[in-house]
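In the UniProt record's numbering, the protein residues as written are 1 to 281. No residue lacks a Cβ here, since even glycine has one placed at the ideal position from N, Cα and C. These notes concern the structure reproduced below.
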């Protein structure tokens, strides 16, 4: 006997158009919600934080690479709420099985991820920002702004010079009164000196739970492209390491990312640490 559909979270009941037979997959999750649609054998992602750039990212990756991603059936907004209808991917989150994998299975997964990242490195844009010429989703631009109320957006940017200026603006806005300390001017100078202008498509949230594998430990899909966008080559390596908690996974990241993705790691890590010095997040 199948389980009855789980009711959507109360906040969504009032503002979103949820099909009556939709089954909430993570009913206690904060933020955008995922529902299984039995009549379409599909997944619906819905919420005020769901942006059309996420659907565009999956479509772009699907049409320009062999990286497995969910197929987007439909994407739209209604009354400020975003909806993405996509294919249901069979398998398990890599995080559920990682600790039980054999050495050969780990090598297999790492080789597949290495190929995926090589393909991502080849997907270049002509601006920094989310697809559709939208603002940047990089972690550097997501921290608390202390100079104005509400969330501040940065980008899109057309050049590395503009992108660097955005990073410095974010750092300035993370300080009470928008005042940088004298010792922070050295960090500003080093950020300003960065010249690598490649605009690489980055996932933005590459952790174990966003990688789906089948029973043979082959990658079935990389999911959750909500933070995707064209960014500097080192963005995914930094953000993946920041979110990693498993020591063996951290070692694996060093193996699967190309060397060019690691070139700016130290300064980007220093910048992100400086960005949360006062706010904590």
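Asked, Found
"Quick one: give me the first and last residue of the alpha helix (DSSP H) that residue 121 is part of.", "103-121"
"Which runs of the beta strand (DSSP E) fall wholly inside the segment 192-269 and span at least 3 residues, in chain order?", "200-202, 211-213, 219-222, 229-231"
"For residue 171, report the span of its alpha helix (DSSP H) as first-last.", "160-173"
"For residue 27, which option in 47, 39, 121 has the closest C-alpha, if you only look at C-alpha atoms?", "47"
"Could you check the C-alpha separation between residue 109 and residue 219 for me, to the nearest Å?", "7 angstroms"
"Leaving out five residues before and five after residue 135 in sequence, what residues of the same chain have Cβ atoms less than 7 angstroms from its Cβ?", "129, 153, 154, 155, 156"
"Report all residues from its chain with a CB closer than 8 angstroms to the CB of residue 133; omit the five preceding and five following residues, and keep chain order.", "127, 156"
"Residues in the same chain with beta-carbon distance under 8 angstroms from residue 173, minus the five sequence neighbours each way, listed in chain order, please.", "145, 146, 147, 148, 152"
"Excluding five sequence neighbours on each side, which residues of the same chain lie with their C-beta closer than 7 angstroms to the C-beta of residue 10?", "Here residue 10 scores only 47 on pLDDT, less than 50, and its place in the model should not be relied on; the value that follows carries that caveat. Counting only Cβ-Cβ distances below 7 angstroms, and skipping sequence neighbours, we find nothing."
"Judging by CA-CA distance, which residue of 31, 36, 30 is the nearest neighbour of residue 19?", "36"
"In terms of DSSP beta bridges, what is residue 82 paired with?", "47, 77"
"Quick one: is residue 235 near chain B, going by C-beta distance under 7 angstroms?", "The structure shown contains no chain B; it holds only a single protein chain."
"Can you tell me where the alpha helix (DSSP H) holding residue 94 begins and where it ends?", "94-97"
"Going by the beta-carbon positions, is the gap between residue 194 and residue 164 smaller than 7 angstroms?", "yes"
"Ends of the beta strand (DSSP E) at residue 34?", "33-37"
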